[in-house]
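Heads up: the sequence lines are chains A and B, in that order.
Offset between the first sequence (1-based) and the numbering used here: plus 173.
Offset between the second sequence (1-based) and the numbering used here: plus 270.
Think of the CB as a built atom: it goes at the ideal place given N, C-alpha and C, for glycine as much as any other residue.
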Amino acid sequence: MDKYILDIDIEKCNACMRCVFACSLARSGVIDERQAMIKIIVEKGIVIDIAVCRHCDPAPCVNVCEFDALRVEDGRVVLDQSRCTTCKACISVCPFGAIRESYGGELVKCDLCGGDPACVRVCPTGAIKYVPAHMVRTRRISSVAKTIYEYLEKIGGR
Amino acid sequence: MKTVIIGGGIGGIYTAYYLVKYGYTPNDITVIAAEWPPYSKHRLAEVLSEKLSIDYTYIGIYNLLLDKGINVIHGVADKIDITEKKVLLKGGSEIIYDNLVITTGGKPFIPPIKGVNLDNNMTFYDIKDLKKLMKIRGPLRIAVIGAGLVGLTAASALKRIGASVTVYELMEDILPGVIDKPLSSRLKDYLVGKGLRIYTGTRVEEIIGDHRVKGVKASGRIDPADIVVFATGVRPNTGLIKDIGIETVRGVIKIDRTGMTSIKNIYAAGDCALSHDLITGKEVYRPLGFVAAHYARIIARNIIGTKKETRGIVPTIYENIGGAHIVRVGLSLKEAESLGLTPSIRCEETIDQISCTVVEDGAPIGYEAVGFNERIRNKAWQVYYDIHTLYS
Numbered sequence: 174m175d176k177y178i179l180d181i182d183i184e185k186c187n188a189c190m191r192c193v194f195a196c197s198l199a200r201s202g203v204i205d206e207r208q209a210m211i212k213i214i215v216e217k218g219i220v221i222d223i224a225v226c227r228h229c230d231p232a233p234c235v236n237v238c239e240f241d242a243l244r245v246e247d248g249r250v251v252l253d254q255s256r257c258t259t260c261k262a263c264i265s266v267c268p269f270g271a272i273r274e275s276y277g278g279e280l281v282k283c284d285l286c287g288g289d290p291a292c293v294r295v296c297p298t299g300a301i302k303y304v305p306a307h308m309v310r311t312r313r314i315s316s317v318a319k320t321i322y323e324y325l326e327k328i329g330g331r
Numbered sequence: 271m272k273t274v275i276i277g278g279g280i281g282g283i284y285t286a287y288y289l290v291k292y293g294y295t296p297n298d299i300t301v302i303a304a305e306w307p308p309y310s311k312h313r314l315a316e317v318l319s320e321k322l323s324i325d326y327t328y329i330g331i332y333n334l335l336l337d338k339g340i341n342v343i344h345g346v347a348d349k350i351d352i353t354e355k356k357v358l359l360k361g362g363s364e365i366i367y368d369n370l371v372i373t374t375g376g377k378p379f380i381p382p383i384k385g386v387n388l389d390n391n392m393t394f395y396d397i398k399d400l401k402k403l404m405k406i407r408g409p410l411r412i413a414v415i416g417a418g419l420v421g422l423t424a425a426s427a428l429k430r431i432g433a434s435v436t437v438y439e440l441m442e443d444i445l446p447g448v449i450d451k452p453l454s455s456r457l458k459d460y461l462v463g464k465g466l467r468i469y470t471g472t473r474v475e476e477i478i479g480d481h482r483v484k485g486v487k488a489s490g491r492i493d494p495a496d497i498v499v500f501a502t503g504v505r506p507n508t509g510l511i512k513d514i515g516i517e518t519v520r521g522v523i524k525i526d527r528t529g530m531t532s533i534k535n536i537y538a539a540g541d542c543a544l545s546h547d548l549i550t551g552k553e554v555y556r557p558l559g560f561v562a563a564h565y566a567r568i569i570a571r572n573i574i575g576t577k578k579e580t581r582g583i584v585p586t587i588y589e590n591i592g593g594a595h596i597v598r599v600g601l602s603l604k605e606a607e608s609l610g611l612t613p614s615i616r617c618e619e620t621i622d623q624i625s626c627t628v629v630e631d632g633a634p635i636g637y638e639a640v641g642f643n644e645r646i647r648n649k650a651w652q653v654y655y656d657i658h659t660l661y662s
């Protein structure tokens, strides 16, 4: 089966915040921006980014984690809270600002809601879609993810 | 084959974790831990400033390890007998090992100045310190000595719970050794704007008081203070291995690239041991959690018999201090110079971010950034991979 990931089109985002609230609700049962794993970055009234995990594969955060807390599983980058010590090395190398600190220093990141992302369900404009990864890579995303991939190919992963 | 791990901190529990992961019989692992459950120092400031339960500091894998069946002895190792291959515990019992892993960690360094023994002098190092600071009520005046990562995160957390905080730093800049001058100056201005008093290039000469702290005398001036928090660095906690023949450098345990000390089948990792820098290949003292975990994995590999040598560490640091993002990957200019390189630094500055690349012979060896906006536009990952490509 093809791997599905989030496809972000910031030009369609109107910062309605539905995705942020839905994410927080799905994760923690309450509406609280700090518990959300997605963040809309607005500067000078303009949406400049939707900071959420692009599930890079291979991924810098997985590469840098010495605690075995991050791994790629079924095409998703998964954070295992029980192994994390909040050293935050992953935050330092994430190209997307997608790993965030929640309460008590707990780190949170998108886990794609196990395959049915809440943010996608509520997005009214199509700014966040859940699509096969190859479609994302060939279209817009991530010159960044591509570069990471090339680097990792070169050095043979970890 | 029995493996005994002395120390229940990050180095100790992650050695146990990786041993179990790589197939070592859990029941053959014994961790001697003075403190239990294991906790993360990275969470102390958050728990303090958000007034959360101590439980938030605990690292989840201890439950997994106990479920798997590793043995944990709540106690303190008193002596190591390398001929009989056994560890003697305070209280008289002893335990035999085939492989020994020393992860006794560090201890906070307090400079020998007058008045440091008065009541209300403390450190910001462990759970005991956190518990003390959580009891603070009312608008106290707190002096934080040292503007490194620990000092500034503590200062920022204390400010958030209502204390009036003054930070003293001996060096000319804040975060010495972590980031370089153009960044530290911007960060200092930002934090001062947020209400922290920060005195750099200031030597604390004396802690004033009768029984309790009443003030701090620094560079000739006296400021009133109710509590003094020392964040003046970490030293290795290696009293246990004195006189048994393990090679040390200024009290820090020397290890090879498999994590082994100068004595066969005795390994060491974490704040009690040296580590290898990937870029220069030199041995350095970096008392950081991920360094401990890195060597924990290497040691576990070697104990189970799949030989593995580390290529060394590329420091990767992120911290949020008072809303400012601080990123550092690879070497800073100062650290590179201290390791014998002749680097230069190139910086880009905008209204909400400053980022610098440290370069040696045209190749990047480090990246530092400080950002003041909601997010940081961060090229650290690129430099991280450049370093791995160039130096591995």
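Exercise. Between the segment 580-603 of chain B and chain A, which residues of the former have CB atoms less than 8 Å from a CB of the latter, in chain order?
Worked result: 586, 587, 588, 589, 590, 597, 598, 599
For this session: Assign residue 389(B) to one of three DSSP states: helix, strand, or coil.
Result: Within the second sequence, residue 389(B) is the residue found at index 119, counting from 1. DSSP places residue 389(B) in strand when its eight states are reduced to three.
Exercise. In chain A, which residues lie with their C-beta within 7 Å of the C-beta of residue 564(B)?
Worked result: For the purposes of this step, residue 564(B) is taken as residue 294 along the second sequence, with counting starting at 1. Under the 7 Å cutoff, chain A gives 239.
For this session: Output the residue ranges of the beta strand (DSSP E) runs that lie fully inside the segment 602-652 of chain B and measure 3 residues or longer, sorted by chain position.
Result: 614-619, 623-630, 633-641
Exercise. For the segment 205-218 of chain A against the segment 266-281 of chain A, are there 3 or more C-beta pairs whose distance is under 8 Å?
Worked result: yes
Problem set entry | CB contact flag (residue 315(B), residue 301(B), <7 Å) | The residue labelled residue 315(B) in the question sits at position 45 within the second sequence. The residue labelled residue 301(B) in the question sits at position 31 within the second sequence. No.
Exercise. With DSSP run on the structure shown, which of helix, strand or coil describes residue 312(A)?
Worked result: Within the first sequence, numbered from 1, the residue matching residue 312(A) stands at position 139. Any reading at residue 312(A) must be qualified, since the residue scores a pLDDT of 40, below 50, and its modelled position is unreliable; the value itself is stated next. It is coil, neither helix nor strand.
For this session: Using alpha carbons as the reference points, say which of 397(B), 348(B), 298(B) lies closest to residue 335(B).
Result: On the second sequence, position 65 is the one that residue 335(B) refers to. With distances taken between Cα atoms, residue 335(B) lies closest to 298(B).
For this session: Go ahead and pull the three-state DSSP assignment for residue 300(B).
Result: Taking the second sequence and counting its residues from 1, one reaches residue 300(B) at position 30. Correct three-state label for residue 300(B): strand.
Problem set entry | Buried or exposed by the 16-neighbour rule on C-beta atoms within 10 Å, applied to residue 271(B) | Within the second sequence, numbered from 1, the residue matching residue 271(B) stands at position 1. It counts as exposed.
For this session: Specify the secondary structure class of residue 404(B) as computed by DSSP and reduced to three states.
Result: By 1-based counting over the second sequence, the position of residue 404(B) is 134. Note: residue 404(B) maps to helix in three-state DSSP.
Problem set entry | Other residues of its chain near residue 503(B): CB distance less than 8 Å, five sequence neighbours each side excluded | As a first step, residue 503(B) is located in the second sequence; it is residue number 233 there, counting from the start. Within the same chain, Cβ atoms closer than 8 Å to the Cβ of residue 503(B) are found at 378, 379, 416, 418, the five residues on either side in sequence being excluded.
Exercise. Would DSSP call residue 244(B) helix, strand or coil?
Worked result: Shown here, chain B extends from 271 to 662; a query on residue 244(B) therefore has no answer.
For this session: Starting from the C-beta of residue 618(B), find all residues in its chain whose C-beta is less than 8 Å away, skip the five residues before and the five after it, and write them out in chain order.
Result: Sequence index remark: in the second sequence, residue 618(B) carries index 348 (1-based). In chain order, 624, 625, 626 place their CB closer than 8 Å to the CB of residue 618(B), counting only its own chain and leaving out the 5 sequence neighbours on each side.
Exercise. Which value, in whole angstroms, describes the spacing of the CA atoms of residue 308(B) and residue 438(B)?
Worked result: What you label residue 308(B) is simply residue 38 of the second sequence in a count that begins at 1. What you label residue 438(B) is simply residue 168 of the second sequence in a count that begins at 1. Straight-line Cα distance between these residues: approximately 31 Å.
For this session: Using a threshold of 7 Å, state whether the C-beta atoms of residue 393(B) and residue 277(B) are closer than that.
Result: Taking the second sequence and counting its residues from 1, the one referred to as residue 393(B) is at position 123. Taking the second sequence and counting its residues from 1, the one referred to as residue 277(B) is at position 7. Against a cut-off of 7 Å, the Cβ pair of residue 277(B) and residue 393(B) comes out as no contact.
For this session: Would you list, in chain order, the members of the segment 336-365 of chain B that have their beta-carbon closer than 7 Å to a beta-carbon of chain A?
Result: none
For this session: Give the straight-line distance between the Cα atoms of residue 413(B) and residue 289(B), rounded to the nearest whole angstrom.
Result: Taking the first residue of the second sequence as position 1, residue 413(B) is located at position 143. Taking the first residue of the second sequence as position 1, residue 289(B) is located at position 19. Looking at the two C-alpha atoms, the distance is approximately 43 Å.
Exercise. What does residue 344(B) pair with, by DSSP beta-bridge criteria?
Worked result: Sequence index remark: in the second sequence, residue 344(B) carries index 74 (1-based). Residue 344(B) is bridged to 303(B).
Problem set entry | Inter-residue Cα distance where the pair is residue 524(B) and residue 370(B) | Position 254 of the second sequence holds residue 524(B). Position 100 of the second sequence holds residue 370(B). Whole-angstrom Cα-Cα distance: 15 Å.
Exercise. Do you know how far the Cα of residue 178(A) is from the Cα of residue 304(A)?
Worked result: As a working mapping, residue 304(A) is identified with position 131 in the first sequence. As a working mapping, residue 178(A) is identified with position 5 in the first sequence. Their backbone Cα atoms lie some 6 Å apart in a straight line.
Exercise. In chain order, what residues of the same chain have a beta carbon less than 7 Å from the beta carbon of residue 450(B), not counting five sequence neighbours either side?
Worked result: Counting from 1 along the second sequence, the entry for residue 450(B) is found at position 180. These residues qualify, in order along the chain: 602, 603, 604, 615, 626, 638.
Exercise. Which full runs of the beta strand (DSSP E) of 3+ residues lie inside the segment 186-243 of chain A, going along the chain?
Worked result: 212-216, 219-224
Problem set entry | Where residue 312(B) meets chain A, residues with beta-carbon distance less than 8 Å | In the second sequence, the residue the question calls residue 312(B) occupies position 42. Those are 258, 259, 260, 261, 278, listed as they occur along chain A.
Exercise. Does the beta carbon of residue 303(B) sit closer than 7 Å to a beta carbon anywhere in chain A?
Worked result: Position 33 of the second sequence holds residue 303(B). Not closer than 7 Å to any Cβ of chain A, the Cβ of residue 303(B) fails to qualify, so no.
Exercise. Do residue 492(B) and the ligand PLP come close, with the Cβ less than 6 Å from some heavy atom?
Worked result: No copy of the ligand PLP appears in this structure; indeed no ligand is present at all.
For this session: For residue 314(A), decide whether its Cβ has a neighbour in chain B, counting only Cβ atoms nearer than 7 Å.
Result: Position 141 of the first sequence, counting from 1, holds the residue named residue 314(A). Only weak support is given to the placement of residue 314(A): the predicted model assigns it a pLDDT of 42, under 50, and the value that follows is read from those uncertain coordinates. With 7 Å as the cut-off, residue 314(A) does not count as an interface residue toward chain B.
Problem set entry | Proximity to residue 201(A) [Cα-Cα], best of 228(A), 275(A), 299(A), 226(A) | On the first sequence, residue 201(A) is found 28 positions in, with the first residue counted as 1. It is 275(A).
Exercise. At a Cβ threshold of 7 Å, is residue 181(A) touching chain B?
Worked result: Start at 1 with the first residue of the first sequence, and residue 181(A) comes out as number 8. Closer than 7 Å: no.
Exercise. For residue 466(B), which residues in chain A fall below 7 Å Cβ to Cβ?
Worked result: Locating residue 466(B) in the second sequence gives position 196, where the first residue counts as 1. Residues of chain A passing the Cβ test: none, with the nearest at roughly 20 Å.
Problem set entry | Beta carbon of residue 522(B) nearer than 7 Å to that of residue 544(B) | Within the second sequence, numbered from 1, the residue matching residue 522(B) stands at position 252. Within the second sequence, numbered from 1, the residue matching residue 544(B) stands at position 274. Their beta carbons are under 7 Å apart, which means residue 522(B) touches residue 544(B) by this criterion.
Exercise. How about residue 350(B) and residue 514(B): are their beta carbons less than 7 Å apart?
Worked result: In the second sequence, residue 350(B) corresponds to position 80, counting from 1. In the second sequence, residue 514(B) corresponds to position 244, counting from 1. Yes. Within cutoff.
Exercise. Using 7 Å as the limit for Cβ to Cβ distance, is residue 628(B) near chain A?
Worked result: Taking the second sequence and counting its residues from 1, one reaches residue 628(B) at position 358. Answer no: the Cβ-Cβ gap between residue 628(B) and chain A never drops below 7 Å.
For this session: Please name the residue in 429(B), 483(B), 476(B), 339(B) whose C-alpha comes closest to that of residue 468(B).
Result: Position 198 of the second sequence, counting from 1, holds the residue named residue 468(B). Residue 468(B) has its Cα closest to that of 429(B), out of 429(B), 483(B), 476(B), 339(B).
Exercise. In this structure, does DSSP put residue 376(B) in helix, strand or coil?
Worked result: Counting from 1 along the second sequence, the entry for residue 376(B) is found at position 106. Residue 376(B): strand per DSSP, three-state reduction.
Exercise. Across which residues does DSSP place residue 437(B) in a beta bridge pair?
Worked result: For the purposes of this step, residue 437(B) is taken as the residue at position 167 of the second sequence. Answer is 414(B), 468(B).
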